[in-house]
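K.L.:
Handing you this structure, nothing more for now.
Residue numbers (the UniProt record's numbering): 1 to 517.
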């Protein structure tokens, strides 16, 4: 009961954050795009994207640190938690310095030989580059604190910080309208300042609330653990780095072949995908610590069961928003943006499809991380992901349109998902046949049915808010019914009914008006 209540509370807090931040972020992005223009907005996304090519350090180390902390929370070893945290602090400081040195050395070459940008924006581009380097450094050294909040399942604080960050970005967008300086430079500087302030708050908060989050590197130094975590993180870096390299490599290829306007379309598509993905990622963030803690406590069957639930429900949750959005994408983008760059609609749709496919194996990825045997898994999956770049280059060189690179990404994502299922059998004892039957088939069938029904308003209504509302309503009703009747097993239906029964009982106890006479 305590675990279930915690997961429900955390999920509710994160969904509350999601609803607020999506609205604020979409509005702020529209303001920034209108103020900067497509060219400058595309330039900012290009420069920040280059820095993001090494943001996999942050992603990989967060996964690694959270895995070790959640695992040892499962074993209830407080001393080990302190060792893990202090080893993580040292690792991240070293990696942060290495990242700064690497970018400062490589920056000149990037600007002279790689990046394609207007000559009159050279100074602005180089300043944005420096701002992003500073922001990336502070992001890396704060990873131990992010991992602590997630491992401790303190999603309420995570949610509050997310809302504050979104409000900060909106404030920055409003300030841009009134500044007399170069708006692109001001935007980059203020975004970096916001990042630094938020990360400093996380450090102070965690140090005050959690004993294991107090720095004492000399006292809790453990070379063997440091070596183990570094090796584990190294393979995660390879895996996360391949995803970032694919995404930003595609951005660079699009820039070389088409220029910054197509970069703007690609950047907007990634933002739309990120906002939609919050709906499923939120549930995963609340459930992932329980998956890893189950493995830490030696309960492998529960870990695998939770991993399958995570894959199915993350796919369903993303589909609830993805179906109406993909159908009504032209109208939604036209309402959101005054200027819709070419290729934006098709890129949005294709990226969302690729993400949906990835969600079908989301739980498997966490399960493999929790077991810890990730070397061969990361090598194979990462190699498949990196194949996107040579394939995309060949397509563009042959004269194919910009959107073709995302079609190839979808095909490779299907192959990667198939391998993840097979690898989970070897690493964790997962039954591929059971997974395909209980997760893949039961997830895809309801979504295809719901998408077909949701397309009906397109045939009998003209474009507008009424049709958007009708499409959304039909999609939600069809998705709910098909997921309940086709997607869920009888055991899952029973557990959900029991969950709602407990929630309603608590509401009755607190609100007498709900009690039956």
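C-beta atoms are modelled at their ideal positions from N, C-alpha and C, and glycine is treated no differently.
As the structure is a prediction and not an experimental result, all values here were calculated from the model.
Does the separation of the CB atoms of residue 327 and residue 272 fall below 9 Å?
P.N.:
Within the chain shown, numbered from 1, the residue matching residue 327 stands at position 327. Within the chain shown, numbered from 1, the residue matching residue 272 stands at position 272. For residue 327 and residue 272, no; Cβs fall outside 9 Å.
K.L.:
Quick one: does residue 40 have its CB under 9 Å from some CB of chain D?
P.N.:
Chain labels in this structure do not include chain D; a single protein chain is all it has.
K.L.:
On a CA-only basis, which of 269, 148, 252 and 244 is nearest residue 209? Give me that one, please.
P.N.:
Within the chain shown, residue 209 is the residue found at index 209, counting from 1. Among 269, 148, 252 and 244, the Cα nearest to that of residue 209 is on 148.
K.L.:
Using a Cβ-Cβ cutoff of less than 7 Å, which residues in the same chain neighbour residue 308 once the five nearest sequence positions on both sides are dropped?
P.N.:
Taking the chain shown and counting its residues from 1, one reaches residue 308 at position 308. Cβ neighbours of residue 308 beyond the five flanking positions: 363, 435, 438 and 439.
K.L.:
Considering only C-alpha positions, which residue in the set 104, 119, 44 and 68 is nearest to residue 189?
P.N.:
Residue mapping note: residue 189 aligns to position 189 of the chain shown, counting from 1. Checked all of 104, 119, 44 and 68; the closest Cα to residue 189 is 44.
K.L.:
Specify whether the stretch 161–181 and the stretch 16–24 touch according to this definition: at least 3 beta carbon pairs, one from each stretch, less than 8 Å apart.
P.N.:
Flag = yes, the stretch 161–181 and the stretch 16–24 touch.
K.L.:
Let me confirm a value: residue 465 is counted as buried when at least 16 other C-beta atoms fall within 10 Å, else exposed. Which label applies?
P.N.:
The residue labelled residue 465 in the question sits at position 465 within the chain shown. Under this definition residue 465 is an exposed residue.
K.L.:
Mapping DSSP to helix, strand and coil, what is residue 489?
P.N.:
Locating residue 489 in the chain shown gives position 489, where the first residue counts as 1. It is coil, neither helix nor strand.
K.L.:
Which complete alpha helix (DSSP H) runs does the stretch 291–332 hold, if anything under 4 residues is left out?
P.N.:
Here the runs fully enclosed are 300–327.
K.L.:
Alpha helix (DSSP H) containing residue 242: first to last residue?
P.N.:
Start at 1 with the first residue of the chain shown, and residue 242 comes out as number 242. Residue 242 -> alpha helix (DSSP H) spans 223–258.
K.L.:
On the DSSP letters alone, give me the boundaries of the alpha helix (DSSP H) that residue 128 sits inside.
P.N.:
The residue given as residue 128 occupies position 128 in the chain shown. Taken as a continuous stretch (DSSP letters only), the alpha helix (DSSP H) holding residue 128 covers 122–141.
K.L.:
Determine the closest residue to residue 294 out of 305, 471 and 430, with distance taken between C-alpha atoms.
P.N.:
By one-based count along the chain shown, residue 294 stands at place 294. If we check each option's Cα against that of residue 294, 305 comes out closest.
K.L.:
Could you check what DSSP says for residue 355 in three-state terms: helix, strand or coil?
P.N.:
Residue 355 sits at position 355 when you count from the first residue of the chain shown. DSSP places residue 355 in helix when its eight states are reduced to three.
K.L.:
Among residues of its own chain, excluding the 5 on either side of residue 288, which ones have a beta-carbon nearer than 7 Å to its beta-carbon?
P.N.:
Mapped onto the chain shown, residue 288 falls at position 288. Same-chain partners within the cutoff: 366.
K.L.:
Pull up the distance between the alpha-carbon of residue 68 and that of residue 78, whole angstroms please.
P.N.:
To locate residue 68, count along the chain shown from 1; it is residue 68. To locate residue 78, count along the chain shown from 1; it is residue 78. Straight-line Cα distance between these residues: approximately 12 Å.
K.L.:
Determine, using beta-carbon pairs with one atom in the stretch 29–42 and one in the stretch 342–350, whether at least three such pairs fall under 8 Å.
P.N.:
With the cut-off at 8 Å, the stretch 29–42 and the stretch 342–350 do not touch.
K.L.:
Given this structure, state the Cα-to-Cα distance separating residue 501 from residue 11, to the nearest angstrom.
P.N.:
Counting from one through the chain shown, the residue named residue 501 turns up at place 501. Counting from one through the chain shown, the residue named residue 11 turns up at place 11. C-alpha separation (whole angstroms): 18 Å.
K.L.:
Taking C-alpha atoms, which residue in 385, 311 and 399 lies nearest to residue 356?
P.N.:
The sequence position of residue 356 within the chain shown is 356, counting from 1. When only C-alpha atoms are compared, the closest one is 311.
K.L.:
State the DSSP-derived secondary structure class of residue 342, mapped to helix, strand or coil.
P.N.:
Within the chain shown, the letter at position 342 stands for residue 342. Here residue 342 sits in coil by DSSP.
K.L.:
Is the beta carbon of residue 193 less than 9 Å from the beta carbon of residue 165?
P.N.:
Position 193 of the chain shown holds residue 193. Position 165 of the chain shown holds residue 165. Contact: no.
K.L.:
Would you mind giving the Cβ-Cβ distance between residue 475 and residue 323, rounded to the nearest angstrom? I have them listed as a contact below 8 Å.
P.N.:
If you number the chain shown from 1, residue 475 lands on position 475. If you number the chain shown from 1, residue 323 lands on position 323. About 5 Å separates the two Cβ atoms, so the contact holds.
K.L.:
Identify whether residue 449 lies in helix, strand or coil by the three-state DSSP scheme.
P.N.:
The residue you call residue 449 lines up with position 449 of the chain shown. Helix, per DSSP.
K.L.:
How would you call residue 72, buried or exposed, if buried means at least 16 neighbouring beta carbons within 10 angstroms?
P.N.:
In the chain shown, residue 72 corresponds to position 72, counting from 1. With 16 or more Cβ atoms within 10 Å of its Cβ, residue 72 is classed as buried.
K.L.:
Given a cut-off of 9 Å, decide if residue 321 and residue 49 are closer than it, judged by their beta-carbon atoms.
P.N.:
Position 49 of the chain shown, counted from the start, is the residue given in the question as residue 49. Position 321 of the chain shown, counted from the start, is the residue given in the question as residue 321. No.
K.L.:
At what residues does the alpha helix (DSSP H) containing residue 420 begin and finish?
P.N.:
For the purposes of this step, residue 420 is identified with residue 420 of the chain shown, where counting begins at 1. Element bounds for residue 420: 404–428.
K.L.:
Do the stretch 390–404 and the stretch 447–460 touch if we need at least three Cβ pairs shorter than 8 Å?
P.N.:
Taking 8 Å as the limit for Cβ pairs, the verdict is that the stretch 447–460 does not touch the stretch 390–404.
K.L.:
Can you tell me the Cα-Cα spacing of residue 299 and residue 344, whole angstroms?
P.N.:
The count along the chain shown starts at 1 and reaches residue 299 at position 299. The count along the chain shown starts at 1 and reaches residue 344 at position 344. Going by the C-alpha atoms only, they are around 46 Å apart.
K.L.:
Please identify the residue among 269, 409 and 382 whose C-alpha is closest to the C-alpha of residue 391.
P.N.:
Start at 1 with the first residue of the chain shown, and residue 391 comes out as number 391. Ranking 269, 409 and 382 by Cα distance to residue 391 puts 409 first.
K.L.:
So what's residue 289 in DSSP terms, helix, strand or just coil?
P.N.:
Position 289 of the chain shown, counted from the first residue, corresponds to residue 289. Three-state result, residue 289: helix.
K.L.:
Could you tell me the boundaries of the alpha helix (DSSP H) in which residue 185 lies?
P.N.:
Sequence index remark: in the chain shown, residue 185 carries index 185 (1-based). That run of the alpha helix (DSSP H) goes 183–209.
K.L.:
Quick check: the Cα distance between residue 443 and residue 260, rounded to an integer number of angstroms?
P.N.:
Here residue 443 refers to the residue found at position 443 when the chain shown is read from its first residue. Here residue 260 refers to the residue found at position 260 when the chain shown is read from its first residue. Looking at the two C-alpha atoms, the distance is approximately 38 Å.
K.L.:
Residue 401 by DSSP, collapsed to three states: which one?
P.N.:
Within the chain shown, residue 401 is the residue found at index 401, counting from 1. Here residue 401 sits in coil by DSSP.
K.L.:
When DSSP labels each residue in this structure, what does residue 116 get in the three-state scheme?
P.N.:
Taking the first residue of the chain shown as position 1, residue 116 is located at position 116. Coil.
K.L.:
Using three-state DSSP, classify residue 104 as helix, strand or coil.
P.N.:
For the purposes of this step, residue 104 is identified with residue 104 of the chain shown, where counting begins at 1. Three-state DSSP puts residue 104 in a helix.
K.L.:
In whole angstroms, give me the CA-to-CA distance for residue 286 and residue 413.
P.N.:
If you number the chain shown from 1, residue 286 lands on position 286. If you number the chain shown from 1, residue 413 lands on position 413. Near 25 Å, if we compare the C-alpha coordinates of residue 413 and residue 286.
K.L.:
For the candidate residues 182, 187, 250 and 138, whose alpha-carbon lies nearest to that of residue 200?
P.N.:
Taking the first residue of the chain shown as position 1, residue 200 is located at position 200. Checking every option, the nearest Cα to that of residue 200 belongs to 138.
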